[in-house]
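To start, the structure under review is shown below, and the notes come after it.
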Amino acid sequence: MRRRLPRPHELAPLIRFKQPVLRSRDRTLADSLTIEDLARAAKRRTPRMPFEYADGGADDEISLLRARLAFRDVVFHPSVLRDVSKLSTVRNVLGSPAALPFGIAPIGFTRLLHTAGELAGVSVAAEAGIPFALSTMGTASVEDVARTAQQTAPGARTWFQLYIWKDRDRSAEVIRRAAAAGMEALIVTVDVPVGGRRLRDVRNGMTVPPTLTPRAVLETIPHPAWWFDFLTTEPLAFAALDRSSGSIRELFESMFDASVTIDDLGWIRQQWSGPVVVKGIQSVEDALRVAATGVDAIVLSNHGGRQLDRAPTPLDLLPDVAEALRARQSTTEVWLDSGIRSGSDIVAALAMGARFTLIGRAYLYGLMAGGRLGAARSIEILRTEIERTMQLLGVADLDELEPKHASRLADRRPDSS
Ligand SMILES: Cc1cc2nc3c(=O)[nH]c(=O)nc-3n(C[C@H](O)[C@H](O)[C@H](O)COP(=O)(O)O)c2cc1C
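Per the UniProt record's numbering, the sequence shown starts with residue 1, numbered consecutively.
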């Protein structure tokens, strides 16, 4: 074989130097192609206690694991030779369009994960045209979140998540504030008569705000930027709480009311004139019972595996719940969360009967990996995955998705009858 030196004009077309991205955070975000990539970056950038607070689940984390496995079990059934050159990812939810079929789930203590917190979350959601839900345990005020949404994109949709707590007057007061701030819908979370046992938090001695124990000081060494941010920005404020110190367990116990029943939904209706969504439904029976009260939507959710361990996996329940409500001609929308880590997970949930989905950790990993830009990257990753999945499935509009487009591996086993 005769060798020769390449000539410069031959090499030029082969060279594709990327424009250098100078800051390492920006480079990490640009290199993150999946939510799992963002999760790895988040873990590197965040001290153990806050990372595990977000990443972990209850007890043996079986619910958490099963939620992921359920999505892995999905089999897509594409239709080929369809025109998918133009796509619509718009989904009507609670009577108005969302640009994408997911919203940001309510998250307590977001600023503990990254100081950019809820205000970053609501502004990237507003930019993307999707709704943002603020938790009762959120670390920004109802008013600031609503204002940031409108400043970012007039008409942006914000929802308020309520824990009905023991002191009904305080619940009523926070509902009034959410209405006055212009929040659109109230999400009532009903899977928390008591807090789940999050063993990682217990083992890490998690407190709010984080305390500088000798172990936390040691943790500073690999995460100086996180602590610098945390110590030099506004202290944590709470959407609806006065008490801001003590262990999470103490906080939960002082707040959750284990005596709440379905009759309390009637009380909520009297306080709130807008749409009501009930989050944390985990059986067909409860789905029917709660839908019969006339709520606007139910969320099949096991709280991302953070409450009852070994609770049913929402994706497993979805087809039966959707069918049961359809059979009764119910107008209550069925939403789903828990375990969503990709756009194709969202497309699968929609095909199996969900009107809408919520993402918790998929957004938090981006936020922890890179603040506002990281949260925006999460949404962008999910958007491109939704679009590509739709095209490969032969679906140009989300409303074309049907149960025939996705099944579960287990459904296809010969012995599954
Ligand atoms: C760190 C963290 C905090 C949460 N805080 C709340 C909360 O305050 N209120 C609530 O209704 N759900 C809360 N959730 C549950 C989410 O709203 C959502 O149901 C769950 O995250 C969905 O699962 P995923 O994280 O796998 O997407 C929290 C979840 C996480 C991960």
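Quick reminder that beta carbons are idealized off the backbone N, C-alpha and C, glycines included.
Worksheet entry | Continuous alpha helix (DSSP H) assignments of at least 4 residues falling wholly in the segment 320 to 402 | The segment 320 to 402 contains these whole alpha helix (DSSP H) runs: 343 to 351, 361 to 393.
Worksheet entry | Counted within 10 angstroms of its Cβ, other Cβ atoms place residue 344 as buried (16 or more) or exposed | By the beta-carbon neighbour count (other beta carbons within 10 angstroms, threshold 16), residue 344 is buried.
Discussion item. Using 8 angstroms as the cut-off, can you tell me whether the segment 306 to 319 makes contact with the segment 183 to 200, which would need three or more C-beta pairs spanning the two stretches below that distance?
Written reply: Proximity of the segment 306 to 319 to the segment 183 to 200 meets the contact definition, three or more beta-carbon pairs being nearer than 8 angstroms.
Discussion item. Please report the straight-line C-alpha distance between residue 328 and residue 93, rounded to a whole angstrom.
Written reply: The alpha-carbon atoms of residue 328 and residue 93 are separated by roughly 20 angstroms.
Practice prompt. Can you grab the Cα-Cα spacing for the pair residue 356 / residue 348, in whole Å?
Written response: If I take the Cα positions, the gap works out to 11 angstroms.
Practice prompt. Can you say whether residue 108 is buried or exposed, counting buried as having 16 or more other CB atoms within 10 angstroms of its CB?
Written response: Around the beta-carbon of residue 108, 16 or more other beta-carbon atoms lie within 10 Å, marking it buried.
Worksheet item: For the segment 143 to 199, which segments carrying the beta strand (DSSP E) assignment without a break, of at least 3 residues, lie completely within its bounds, in sequence order?
Response: Listed in chain order, the complete beta strand (DSSP E) runs (minimum 3 residues) inside the segment 143 to 199 are 158 to 162, 185 to 189.
Discussion item. Given the structure, does residue 382 come close to ligand 1, in the sense that its CB is under 8 angstroms from one of the ligand's heavy atoms?
Written reply: It does not: the Cβ of residue 382 is nowhere closer than 8 angstroms to a heavy atom of ligand 1.
Worksheet item: Which term fits residue 82, buried or exposed, when burial requires 16 or more other beta carbons within 10 angstroms of its beta carbon?
Response: If you draw a 10 Å sphere on the C-beta of residue 82, you find fewer than 16 other C-beta atoms in it, and that means exposed.
Discussion item. I want to know whether the segment 359 to 366 touches the segment 33 to 43 - three or more CB-CB distances under 8 angstroms.
Written reply: Under the Cβ criterion (8 angstroms, minimum of three pairs), the segment 359 to 366 counts as touching the segment 33 to 43.
Worksheet entry | Completely contained alpha helix (DSSP H) runs for the segment 23 to 65, where each covers 4 or more residues | Runs found: 24 to 31, 35 to 45, 48 to 55.
Item to complete: Look up residue 88 in the DSSP assignment and say whether it is helix, strand or coil.
Response: Residue state, collapsed to three classes: strand.
Item to complete: Compute the Euclidean distance between the alpha carbons of residue 401 and residue 351, then round it to the nearest angstrom.
Response: Distance from the CA of residue 401 to the CA of residue 351, rounded to the nearest whole angstrom, comes to 5 angstroms.
Discussion item. Counting beta carbon pairs with one atom in the segment 144 to 159 and one in the segment 255 to 268, are three or more of them shorter than 8 angstroms?
Written reply: Short answer: they don't touch.
Worksheet item: Do residue 280 and ligand 1 come close, with the Cβ less than 8 angstroms from some heavy atom?
Response: Relative to ligand 1, the beta carbon of residue 280 is positioned inside 8 angstroms of a heavy atom.
Item to complete: With hydrogens ignored, establish whether the beta-carbon of residue 306 is closer than 8 angstroms to any heavy atom of ligand 1.
Response: Checking every heavy atom of ligand 1 against the Cβ of residue 306, one is found closer than 8 angstroms.
Discussion item. Could you compute how far the alpha carbon of residue 216 sits from the alpha carbon of residue 283?
Written reply: Here the C-alpha atom of residue 216 lies approximately 41 angstroms from the C-alpha atom of residue 283.
Worksheet entry | Cβ-based neighbour list, residue 152, same chain, cut-off 7 angstroms, excluding 5 preceding and 5 following | So the qualifying residues of the chain are 123, 126, 127.
Worksheet item: Just to confirm, are residue 394 and residue 85 a CB contact at a threshold of 9 angstroms?
Response: Against a cut-off of 9 angstroms, the Cβ pair of residue 85 and residue 394 comes out as no contact.
Discussion item. Need the endpoints of the beta strand (DSSP E) that residue 408 sits in, please.
Written reply: 406 to 408 is the span of the beta strand (DSSP E), which, as asked, contains residue 408.
Worksheet item: What residue does the alpha helix (DSSP H) around residue 97 start on, and which one ends it?
Response: Run containing residue 97: none in the alpha helix (DSSP H); it sits in the beta strand (DSSP E), 96 to 98.
Worksheet item: DSSP state of residue 202, grouped into three classes?
Response: Residue 202 falls in the helix class under three-state DSSP.
Item to complete: Figure out for me which residue from 2, 143, 203, 51 has the closest Cα to the Cα of residue 361.
Response: Per the Cα distances, 51.
Worksheet item: Would you report the Cα separation of residue 45 and residue 229, rounded to the nearest angstrom?
Response: Taking the straight line joining both Cα atoms gives about 12 angstroms.
Practice prompt. Spatial neighbours of residue 265 within its chain, please: CB distance less than 8 angstroms, with the 5 preceding and 5 following residues excluded, ordered by chain position.
Written response: Excluding residues up to 5 positions away in sequence, 188, 276, 278, 290, 293, 295 lie with their Cβ nearer than 8 angstroms to the Cβ of residue 265 in the same chain.
Worksheet item: Quick check: the segment 377 to 397 against the segment 133 to 144, are there 3 or more CB pairs under 8 angstroms?
Response: Contact fails: fewer than three Cβ-Cβ distances are below 8 angstroms.
Discussion item. To the nearest angstrom, how far is the alpha carbon of residue 301 from that of residue 10?
Written reply: If I take the Cα positions, the gap works out to 57 angstroms.
Worksheet item: Roughly how many angstroms lie between the CA atoms of residue 244 and residue 411, to the nearest whole one?
Response: For residue 244, the pLDDT reaches just 49, beneath the cut-off of 50, and the residue's location in the model is therefore unreliable, although a value from the coordinates is still provided. Counting only the Cα atoms, residue 411 lies some 48 angstroms from residue 244.
Worksheet item: Does ligand 1 have even one heavy atom less than 8 angstroms from the beta-carbon of residue 206?
Response: No; taking the cut-off as 8 angstroms, the Cβ of residue 206 has no heavy atom of ligand 1 nearer than that.
Worksheet item: Taking the alpha-carbon positions, what's the residue 233 to residue 144 distance?
Response: Rounded to whole angstroms, the separation of the alpha carbons of residue 144 and residue 233 is 16 angstroms.
Worksheet item: What span of residues does the beta strand (DSSP E) with residue 140 cover, start to end?
Response: Here residue 140 belongs to no beta strand (DSSP E), and DSSP marks it neither H nor E.
Practice prompt. Select from 406, 370, 382 the residue whose C-alpha is nearest the C-alpha of residue 115.
Written response: Considering only alpha carbons, the answer is 370.
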